[in-house]
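Taking it in order: structure first as structure tokens, then the write-up.
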Amino acid sequence: MKQSRLLIQTLRETPRDADVVSQQLMIRAGMIQKAAAGIYSYLPLAYRSIRKFEEIVREELARDGCQELLMPSVLPAELWQESGRWTFYGDELLRFCDRKAKAEIAERRGRGETPDERSFYNFCLGPTHEEVITDIVRKNVRSYKQLPMNLFQIQTKFRDERRPRFGLMRGREFTMKDGYSFHVDDPDADREYWAMFNAYKRIFGRLGVKFRPVEADSGAIGGSFTHEFHVLAGSGEDAILSCDACEYTSNIEKTEAPALPFAYAQEAVLPLKPSHFATPGVIAMEDQARAFKDAEHDGLPPDHASKFYLLDVTSRIQDEVVGESTQRIGLVIRADHEPNFVKLRNLLGAEAVELTAIEVAEEMAGAKSGFIGPVELNVPIYVDRSLEGAFNLTCGANRTDYHHFGFKPDRDLKQFQGFHDLRMAQEGDTCPRCGKGRYQAFRGIEVGQVFKLGTKYSKSMGCTFLDDQGREHPMVMGCYGIGITRTVAAAIEQNYDADGILWPWPIAPYQIHLLNLDPGNAEVATVADRVERELEAAGFEVLHDDREGLSPGAKFKDADLLGFPLRLMVGSKGLKDGVVELRDRRTKAVVKFKPEGAVAEVAAARNRILEALEAAGGR
RNA sequence: CGGGGCGUGGCUCAGCCUGGUAGAGCGCUCGGUUCGGGACCGAGAGGUCGGAGGUUCGAAUCCUCUCGCCCCGACCA
7 MKQSRLLIQT LRETPRDADV VSQQLMIRAG MIQKAAAGIY SYLPLAYRSI
57 RKFEEIVREE LARDGCQELL MPSVLPAELW QESGRWTFYG DELLRFCDRK
107 AKAEIAERRG RGETPDERSF YNFCLGPTHE EVITDIVRKN VRSYKQLPMN
157 LFQIQTKFRD ERRPRFGLMR GREFTMKDGY SFHVDDPDAD REYWAMFNAY
207 KRIFGRLGVK FRPVEADSGA IGGSFTHEFH VLAGSGEDAI LSCDACEYTS
257 NIEKTEAPAL PFAYAQEAVL PLKPSHFATP GVIAMEDQAR AFKDAEHDGL
307 PPDHASKFYL LDVTSRIQDE VVGESTQRIG LVIRADHEPN FVKLRNLLGA
357 EAVELTAIEV AEEMAGAKSG FIGPVELNVP IYVDRSLEGA FNLTCGANRT
407 DYHHFGFKPD RDLKQFQGFH DLRMAQEGDT CPRCGKGRYQ AFRGIEVGQV
457 FKLGTKYSKS MGCTFLDDQG REHPMVMGCY GIGITRTVAA AIEQNYDADG
507 ILWPWPIAPY QIHLLNLDPG NAEVATVADR VERELEAAGF EVLHDDREGL
557 SPGAKFKDAD LLGFPLRLMV GSKGLKDGVV ELRDRRTKAV VKFKPEGAVA
607 EVAAARNRIL EALEAAGGR
């Protein structure tokens, strides 16, 4: 491919509204162009990478017998109403109505009514396709003999994110591989889950990026367990903790935090009263203990301070589709720990856990923020297990400028609900799985997820089969997603340097950047054209920078920015010595050889790159 | 949703405070000289200053509304 014919405009300067590396580099390299917030066009170079990754996905899924199909992206409301998600999915679901519904609205307006347009929305853009696939399968599969079945598509999705950002990493429109499997029973769904887990390891392994499969939160409803696949990158939005001794790797939302023995068990257990002590202005939780003074104490260790959260818990009556209820509860954890509301939500089987509005909390407690405490409040209170056996703690006294001392949660709380794992695990915590290792922290970009759905959709939508006894059962489902466009962006987040992108070989738009450094020189042009043909005949993908009127320096800069793995330079200076030069974009290593040796040398360089890739790949 | 910021040629930005004929660099076109890490000279093309309304003799500039885009936040009771 001649670069003079390629649709591309590289930019020397970083566009102002690009804030993450992958977005900056992709825009500067002329790969993507923004059409609206979170909505991008993929220009030829980017689309080549995307298609290459799609092909890797297709090949690996085919090995497990998955079938590809393509569902609509505009979905009828009825299906979503059937599953209940029309009501519950929220504003990320972009809803609208077609001409029939609009005519109905107009007619009612003509009759002087003021209809609520939203109630006439009868379509949405698909953010995910459980409803559609379930509808397809229930209409086409009736017998256990047809199961299991694993179907997938690669398609443009739309989620109306409250805040799209980070270019392709969190767009509103994006390309996703979404797969769904259907099974006669749980064990078979489990088998498929692990088959897909292994397929994903192959897929991301072939991609040539560092990644980790990570145990993750499966949400309050739905699956029993789930893994996310993360591309490791410092800019990742997710925190991951990984044991340095065993295999346990998990999203911090889910990571088990070890119980911690109370380190002061030998101290005398004091009563809560007389426990008021003046702490004017002491709001930061970490300062609470340090500020404490009485006859025997002048400051306390930070793990003597507790902090308290008042929370609104929302529950849903799932099968009835409508109805929500809210309950107020409390959470007590050590002041130097972080609360984990996801764990609390799962413990309660709730839909959502949110902080109670500060004004409401202050009114309930009768104290300013910073002095609100659990003792006097008559709500169910859950306590992190790091406080099991703890006493002589401080806590807010529900009186502005006062804290209690001598707090012992299981003794002093009116509605004590027990000790549970409710805090965020931290780097350095002992791994509770093996008891030996310690947690190491990583940042990751979630690019894939395997999820056991169970019978949530098959039950609500009547997707059933007949077993060999003629009895009807709901199918057991699994779902498996890969963010295609996000993965390509994540690969860049992980692989770049000051000069530009460092494409992993398997998804580089082109593998070879052939630079003609003297396009005006007929001999150089002849050699460059011949090398291009030979490399392409040997199966390599070559972008030939044949542009005239550009200095070699300008071509080098562009080549670094585009970041194809190998750069082959043909110029009059080299040809004077009878050589062309091959440069590895990542290592900057250069080899010189006669033009006739190009195919062999490029093949050798490719093999080196692929070997290094294999060695550095995911676990 | 809350808070902040920004909209001026394709890109990065100046001009706005203090109203008076719309600018620079990069990129693009043409001519010439160059040619191994973003060359130089000369000549050009390209902008309803996001949009609407208002104030004014006169608005990119002041006022009002609106749209778009970006960031921060949804955190410590």
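Here the first sequence stands for residues 7 to 625, numbered as in the working numbering.
The beta carbon of each residue, even a glycine, is placed where N, CA and C say it ideally should be.
**Message:** For the stretch 544-552 against the stretch 516-525, do three or more pairs of beta-carbon atoms, one drawn from each stretch, fall closer than 8 Å, so that the two count as touching?
**Reply:** yes
**Item:** Three-state secondary structure (DSSP) of residue 228
**Value:** For the purposes of this step, residue 228 is taken as the residue at position 222 of the first sequence. Residue confidence is low: residue 228 scores 49 on pLDDT, short of 50, so the model does not pin down where it sits. Its coordinate-derived value is still stated next. Three-state result, residue 228: coil.
**Item:** According to DSSP, residues forming a beta bridge with residue 272
**Value:** Residue numbering aside, residue 272 sits at position 266 when the first sequence is read from its first letter. The partner list for residue 272 (beta bridge, DSSP) is empty, contrary to what the question assumes.
**Assigned exposure category for residue 464 - 16 Cβ within 10 Å defines buried** = Translated into the one-based positions of the first sequence, residue 464 becomes position 458. Classification of residue 464: buried, given that the 10 Å Cβ count is 16 or more.
**Asked** In the stretch 411-468, which residue ranges form an unbroken beta strand (DSSP E) of at least 3 residues, counting only runs that do not cross its ends?
**Response** 422-426, 445-460
**Message:** Among 592, 260, 610, whose alpha-carbon lies nearest the alpha-carbon of residue 599?
**Reply:** Translated into positions along the first sequence, residue 599 becomes position 593. Comparing Cα positions, the closest option is 610.
**Request:** State the CB to CB distance for the pair residue 257 and residue 295, rounded to an integer number of angstroms; the pair is presumed to be in contact (CB under 8 Å).
**Result:** The count along the first sequence starts at 1 and reaches residue 257 at position 251. The count along the first sequence starts at 1 and reaches residue 295 at position 289. That pair is no contact at about 30 Å.
**Request:** Please state whether DSSP places residue 613 in a helix, a strand or coil.
**Result:** In the first sequence, counting from the first residue as 1, residue 613 sits at position 607. Reduced to three states, the DSSP call for residue 613 is helix.
**Asked** Which stretch, first to last residue, makes up the alpha helix (DSSP H) that contains residue 193?
**Response** Here residue 193 corresponds to residue number 187 of the first sequence, with the count starting at 1. Counting along the chain, the alpha helix (DSSP H) containing residue 193 begins and ends at 192-213.
**Prompt:** Contact between the stretch 472-482 and the stretch 492-502: three or more CB pairs below 8 Å?
**Reply:** With the cut-off at 8 Å, the stretch 472-482 and the stretch 492-502 do not touch.
**Asked** In terms of alpha-carbon separation, which member of 603, 201, 141 lies closest to residue 68?
**Response** Working through the first sequence from its first residue, we reach residue 68 at position 62. Closest in C-alpha terms to residue 68, from the list 603, 201, 141, comes 201.
**Message:** Among the candidates 317, 425, 27, 354, whose CA atom is the shortest distance from the CA of residue 340?
**Reply:** As a working mapping, residue 340 is identified with position 334 in the first sequence. Nearest in C-alpha terms to residue 340, of all of 317, 425, 27, 354, is 425.
**Asked** In chain order, what residues of the same chain have a beta carbon less than 8 Å from the beta carbon of residue 570, not counting five sequence neighbours either side?
**Response** On the first sequence, residue 570 is found 564 positions in, with the first residue counted as 1. Result list for residue 570: 509, 514, 515, 516, 517, 518, 519, 549, 591, in chain order.
**Prompt:** Where does residue 327 sit, in a helix, a strand or coil, going by DSSP?
**Reply:** As a working mapping, residue 327 is identified with position 321 in the first sequence. Per-residue confidence for residue 327 stands at a pLDDT of 45, beneath the threshold of 50, marking its modelled position as unreliable; no derived number is given.
**Prompt:** From residue 392 to residue 101, what distance separates their C-alpha atoms?
**Reply:** Along the first sequence, one-based indexing puts residue 392 at 386. Along the first sequence, one-based indexing puts residue 101 at 95. If I take the Cα positions, the gap works out to 46 Å.
**Item:** With 16 other Cβ atoms within 10 Å as the buried cut-off, status of residue 178
**Value:** Here residue 178 is taken as the residue at index 172 of the first sequence, counted from 1. Its Cβ being crowded by 16 or more others within 10 Å, residue 178 is buried.
**Message:** Distance check for residue 241 and residue 23, CA to CA, integer angstroms please.
**Reply:** As a working mapping, residue 23 is identified with position 17 in the first sequence. As a working mapping, residue 241 is identified with position 235 in the first sequence. Approximately 17 Å between the Cα atoms of the pair.
**Message:** Quick check: what's the CA-CA separation for residue 500 versus residue 215?
**Reply:** Residue numbering aside, residue 500 sits at position 494 when the first sequence is read from its first letter. Residue numbering aside, residue 215 sits at position 209 when the first sequence is read from its first letter. Distance between the alpha carbons of residue 500 and residue 215 is about 7 Å.
**Request:** Output the residue ranges of the beta strand (DSSP E) runs that lie fully inside the stretch 300-355 and measure 3 residues or longer, sorted by chain position.
**Result:** 312-322, 330-340
**Request:** Measure the C-alpha to C-alpha separation of residue 368 and residue 350 and round it to an integer number of angstroms.
**Result:** In the first sequence, residue 368 corresponds to position 362, counting from 1. In the first sequence, residue 350 corresponds to position 344, counting from 1. Their backbone Cα atoms lie some 22 Å apart in a straight line.
**Asked** For residue 134, which three-state DSSP category applies?
**Response** Here residue 134 refers to the residue found at position 128 of the first sequence. Coil.
**Request:** With a cut-off of 8 Å on the beta carbons, I'd call residue 141 and residue 75 a contact; round off their distance for me.
**Result:** Taking the first residue of the first sequence as position 1, residue 141 is located at position 135. Taking the first residue of the first sequence as position 1, residue 75 is located at position 69. Not quite, the Cβ-Cβ distance comes to about 13 Å (not below 8 Å), so this is no contact.
**Asked** So, is residue 198 buried or exposed, given that buried needs 16 or more other C-beta atoms within 10 angstroms?
**Response** The sequence position of residue 198 within the first sequence is 192, counting from 1. Buried: at least 16 other Cβ atoms inside 10 Å.
**Asked** Do the CB positions of residue 436 and residue 264 come within less than 8 Å of each other?
**Response** Locating residue 436 in the first sequence gives position 430, counting from the first residue. Locating residue 264 in the first sequence gives position 258, counting from the first residue. Cβ distance < 8 Å, so residue 436 and residue 264 count as in contact.
**Nearest residue (CA-CA) to residue 415, options 533, 398, 409** = Indexing the first sequence from 1 puts residue 415 at position 409. Of 533, 398, 409, the residue nearest in Cα terms is 398.
**Asked** What are the boundary residues of the beta strand (DSSP E) that includes residue 548?
**Response** Within the first sequence, numbered from 1, the residue matching residue 548 stands at position 542. Its beta strand (DSSP E) spans residues 548-551.
**Message:** Output needed for residue 219: all residues of its chain with C-beta closer than 6 Å, excluding positions within five of it in sequence on either side, in chain order.
**Reply:** Locating residue 219 in the first sequence gives position 213, where the first residue counts as 1. Answer for residue 219: 233, 235, listed in chain order.
**Asked** Can you tell which of 443, 49, 347, 396 has its C-alpha closest to the C-alpha of residue 270?
**Response** Taking the first residue of the first sequence as position 1, residue 270 is located at position 264. Comparing C-alpha distances from residue 270 to each of 443, 49, 347, 396 shows the shortest one belongs to 396.
**Asked** In chain order, which continuous runs of the alpha helix (DSSP H) of length 4 or greater are located wholly inside the stretch 66-103?
**Response** 83-89, 91-94
**Asked** Under three-state DSSP, which class holds residue 245?
**Response** Sequence index remark: in the first sequence, residue 245 carries index 239 (1-based). The answer is strand: DSSP assigns residue 245 an E or B state.
**Asked** Given residue 328, which residues of its chain have a CB within under 8 Å of its CB, disregarding the five upstream and five downstream residues?
**Response** Walking along the first sequence from the start, residue 328 turns up at place 322. In this prediction, residue 328 has a pLDDT of 49, which is less than 50 and means its spatial position is unreliable; nothing more can be read from the coordinates.
**C-alpha distance - residue 332 paired with residue 356, whole-angstrom precision** = Translated into the one-based positions of the first sequence, residue 332 becomes position 326. Translated into the one-based positions of the first sequence, residue 356 becomes position 350. Looking at the two C-alpha atoms, the distance is approximately 10 Å.
**Item:** Euclidean distance between Cα positions of residue 376 and residue 314
**Value:** Here residue 376 refers to the residue found at position 370 when the first sequence is read from its first residue. Here residue 314 refers to the residue found at position 308 when the first sequence is read from its first residue. In a straight line, the C-alpha of residue 376 is about 9 Å away from that of residue 314.
**Asked** Buried or exposed: where does residue 525 fall if 16 or more other Cβ atoms within 10 Å of its Cβ makes it buried?
**Response** Your numbering for residue 525 matches position 519 in the first sequence. The residue in question, residue 525, is buried, as its Cβ has 16 or more Cβ neighbours within 10 Å.
**Item:** residue 597 versus residue 537: straight-line alpha-carbon distance, rounded
**Value:** What you label residue 597 is simply residue 591 of the first sequence in a count that begins at 1. What you label residue 537 is simply residue 531 of the first sequence in a count that begins at 1. Straight-line Cα distance between these residues: approximately 16 Å.
**Asked** How many Å lie between residue 165 and residue 134 at the Cα?
**Response** The count along the first sequence starts at 1 and reaches residue 165 at position 159. The count along the first sequence starts at 1 and reaches residue 134 at position 128. Computed Cα separation, rounded: 9 Å.
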